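J.:
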Amino acid sequence: MKARLKKWRLFAVLAVLGLILSGCGEPFLSALDPAGEVAQTQFDLMILSTAIMVLVILVVVVVYVVAIFRFRRKKGDEDKIPKQVEGSHKLELLWTIIPIILLLILAVPTVSATFKLADNKGLNDKDGKGNPKAVVVNVRANLYWWEFEYPNQKIITSQDLVVPTDEKVYFRVKASDVKHSFWVPAAGGKMDANVDNVNTFWLEFDGKKAKEAGNLFYGKCAELCGPSHALMDFKVKAIPKDEFNQWVKDMQAAKVTTPSDPVAAQGQEIFKQKCLSCHAVTPQDNRPEQARTAPNLANFGERSRIAGVLDHNKEELKNWIRDPEKYKPGNKMTGAYGQLTEDQIDKLATYLMTLKVQD
């Protein structure tokens, strides 16, 4: 008996801990604080389905409790048989019609939202001059980094996705190696990134929510893809349309220049020898996808994270260059550039931190 009580106590403790831990996490990684039309629609459906489930549970519990107390065996009534309702047409109709009504209440908005969120007709819209109207981003997932190509603007970036607020942004999602999944919790549900086909969907980022979040949202890979799956993060910079247009112009005008700092200039030479075969340092990368085997570093100095997970500073960059395997096991950069001396690492890090498109 005591052993059973100990097991139940342990179960109760674990249940309470699970409840507490379910409330942990970061607000920018929560789907419970929607920051866009898609996320809001999905959140409303979740609340609706939860309310229906809670209602059903409450009704069942009430009926159960009433049955226990009202029809429990009483002293002197051991041989009394309660009124039998088996075959009651009224009850049969009641518990058949009510579930149908509840299903309709849930199904109608769900089906409506499904068709609405799957409508990608605006992806190919053009203005009177024949220019594309919509912002389209080709997302390519890799082990363990993200590439974002803007085909209409002819620019490419990596790890930090930049989008305008308060308008639909269309995404074409695919993978280059294994299956991944593109997910921005605050903006909407995930979309699988497959090797053999392209999935298309859209998101909209609310300008007010973006401002409250410092114009920065977090994205993740939501499909187990390897030992560093949990570290396959990216950042979403959601900015007003005019700022986005300026960013595009700056990216389109970016050129390779020699740094004025002599240490950074030496780092540039090291980069050309060791890194340029995989990485690009201009947003206008015309190489085919198969040749783009590493993140584009054109605006590396402006990013919010190194490798998606480390603080953006020179020391962390040097740590990453020194031993990528320590921070992202299974990544393809490990050992790809050969052994570098500490002096070379310092010069290379100095150069990479100067790669900026906007001041």
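Going by the UniProt record's numbering, the residue at position 218 of the sequence shown is 218; the numbering climbs one at a time, nothing skipped. Glycine included, every Cβ here is placed at the ideal spot set by N, Cα and C. As the structure is a prediction and not an experimental result, all values here were calculated from the model.
Measure the CB-CB distance between V195 and A175 and report whether it falls below 7 Å.
T.: Yes; because the gap between Cβ atoms is below 7 Å, this pair is in contact.
J.: How would you call Q159, buried or exposed, if buried means at least 16 neighbouring beta carbons within 10 angstroms?
T.: The residue is buried, with at least 16 neighbouring Cβ atoms inside 10 Å.
J.: List the residues that DSSP assigns as beta-bridge partners of residue 360.
T.: Only positions 1 to 359 of the chain appear in this structure, which leaves residue 360 out of reach.
J.: First and last residue of the beta strand (DSSP E) that includes H229?
T.: Element bounds for H229: n/a, residue is neither H nor E.
J.: What number of angstroms, rounded off, separates the C-alpha of M251 from the C-alpha of A265?
T.: Distance between the alpha carbons of M251 and A265 is about 22 Å.
J.: Note down, in chain order, each residue of its chain lying with its Cβ closer than 7 Å to the Cβ of Q268, except the 5 sequence neighbours on either side.
T.: T258, P259 and Y351, listed in sequence order.
J.: Using DSSP with H/G/I as helix, E/B as strand and the rest coil, what is K80?
T.: Here K80 sits in coil by DSSP.
J.: Roughly how many whole angstroms lie between the Cα atoms of V38 and V169?
T.: V38 and V169: Cα-Cα distance of roughly 11 Å.
J.: Specify the secondary structure class of K209 as computed by DSSP and reduced to three states.
T.: Helix.
J.: Give the single residue among W146, L348 and N152 whose Cα lies nearest to the Cα of V173.
T.: Comparing Cα-Cα distances from V173 to each of W146, L348 and N152, the minimum goes to W146.
J.: Within the chosen definition, does the stretch 117-131 reach the stretch 183-203 through at least 3 CB pairs nearer than 8 Å?
T.: Contact holds: three or more Cβ-Cβ distances are below 8 Å.
J.: Give me, in chain order, the residues of the same chain whose beta-carbon lies closer than 6 Å to that of M353; leave out the 5 immediate sequence neighbours on both sides.
T.: So the qualifying residues of the chain are G301 and K314.
J.: So, G219 versus V236, is the Cβ gap smaller than 7 Å?
T.: The answer is yes: Cβ separation under 7 Å.
J.: Would you call Y64 buried or exposed, if buried means 16 or more other Cβ atoms sit within 10 Å of its Cβ?
T.: Looking at its Cβ environment, which holds fewer than 16 other Cβ atoms inside 10 Å, Y64 is exposed.
J.: Which residue wins for smallest C-alpha separation from S181, given the options P164, A230, P329 and K133?
T.: Nearest of P164, A230, P329 and K133 to S181, Cα basis: A230.
J.: Taking P227 as the reference, give the member of P329, K272, P82 and E316 with the closest Cα.
T.: Checked all of P329, K272, P82 and E316; the closest Cα to P227 is P329.
J.: Using the Cα positions of G308 and L45, report the straight-line distance between them to the nearest angstrom.
T.: About 31 Å.
J.: For the putative contact between D233 and D206, defined by C-beta atoms under 8 Å, what is the C-beta separation to the nearest angstrom?
T.: That pair is no contact at about 22 Å.
J.: Within 6 Å: the Cβ of V111 and any heavy atom of the ligand HEM?
T.: With respect to the ligand HEM, the structure offers nothing, as it holds no ligand at all.
J.: Return the CA-CA distance between V357 and F244, expressed in angstroms with no decimal places.
T.: Taking the straight line joining both Cα atoms gives about 13 Å.
J.: Give me the residue from R140, L123 and V139 with the minimum Cα distance to P132.
T.: If we check each option's Cα against that of P132, L123 comes out closest.
J.: From what residue to what residue does the beta strand (DSSP E) around Y150 run?
T.: First-last of the beta strand (DSSP E) with Y150: W145 to Y150.
J.: Please state if the CB of P164 and the CB of A241 are separated by a distance shorter than 7 Å.
T.: Residue 241 is actually Lys in this sequence, not Ala. A contact, by the Cβ cut-off of 7 Å.
J.: Using only alpha-carbon positions, find the residue among Y150, V139, I100 and P151 that is nearest to W183.
T.: Comparing Cα positions, the closest option is V139.
J.: Using a Cβ-Cβ distance cut-off of 7 Å, determine whether L106 contacts chain C.
T.: Considering every chain present, this structure includes no chain C. It has just one protein chain.
J.: Does the distance from the C-beta atom of A134 to that of D127 stay below 7 Å?
T.: No. Outside cutoff.
J.: Can you give the Cα-Cα distance for L310 and E316, rounded to whole angstroms?
T.: If I take the Cα positions, the gap works out to 7 Å.
J.: How big is the Cα-Cα spacing for G130 and V281?
T.: Rounded to whole angstroms, G130 to V281 spans 31 Å at the Cα level.
J.: Within 10 angstroms of its Cβ, does P283 collect 16 or more other Cβ (buried), or is it exposed?
T.: Buried is the call here.
J.: Would you check if the distance between the CB atom of T157 and the CB atom of N286 is smaller than 7 Å?
T.: Cβ distance not < 7 Å, so T157 and N286 don't count as in contact.
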